[in-house]
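Numbering (the numbering used here), first residue to last: -6 to 66. See structure below.
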């Protein structure tokens, strides 16, 4: 399943790349793309695992940029 998210308060391309790498390491994530210009993250994963993936992704994102948060589109 594919879900698209806005990353609020994403301020730099380097942070976007770090977020993409961090999210890709979460168990259950098949693929992820984080685009700095559009401030969007597209995550492909099993539908049943999305709740845990989103929670873990938000934790990883906040370690990279304390103000950034995922919001489902």
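Backbone N, C-alpha and C fix where the C-beta goes; we use that ideal spot for every residue, glycine too.
Quiz item: For residue 6, which residues from the same chain have a beta carbon less than 6 Å from its beta carbon, with the 5 sequence-adjacent residues on both sides left out?
Solution: For residue 6, the CB contacts under 6 Å within the same chain, skipping 5 residues up- and downstream, are 29 in chain order.
Quiz prompt | Alpha carbon of residue 18 to alpha carbon of residue 50, nearest angstrom | solution = Residue 18 and residue 50 have their C-alpha atoms spaced approximately 10 Å apart.
Quiz item: From which residue to which residue does the beta strand (DSSP E) around residue 43 run?
Solution: Where residue 43 is concerned, there is no enclosing beta strand (DSSP E), although the alpha helix (DSSP H) it sits in stretches over 43 to 57.
Quiz item: In terms of alpha-carbon separation, which member of 32, 58, 14 and 57 lies closest to residue -2?
Solution: The candidate whose alpha carbon is nearest that of residue -2 is 32.
Quiz item: Which residues in the same chain have their Cβ closer than 7 Å to the Cβ of residue 66, if we skip the five residues on either side of it in sequence?
Solution: These residues qualify, in order along the chain: -3, -2 and -1.
Quiz item: Taking all protein chains shown into account, do 16 or more other C-beta atoms lie within 10 angstroms of the C-beta of residue 38, making it buried, or fewer, making it exposed?
Solution: The residue is buried, with at least 16 neighbouring Cβ atoms inside 10 Å.
Quiz prompt | Contact test: residue 31 Cβ vs the ligand NAP heavy atom, cutoff 8 Å | solution = Here there are no bound small molecules, and the ligand NAP is not part of this structure.
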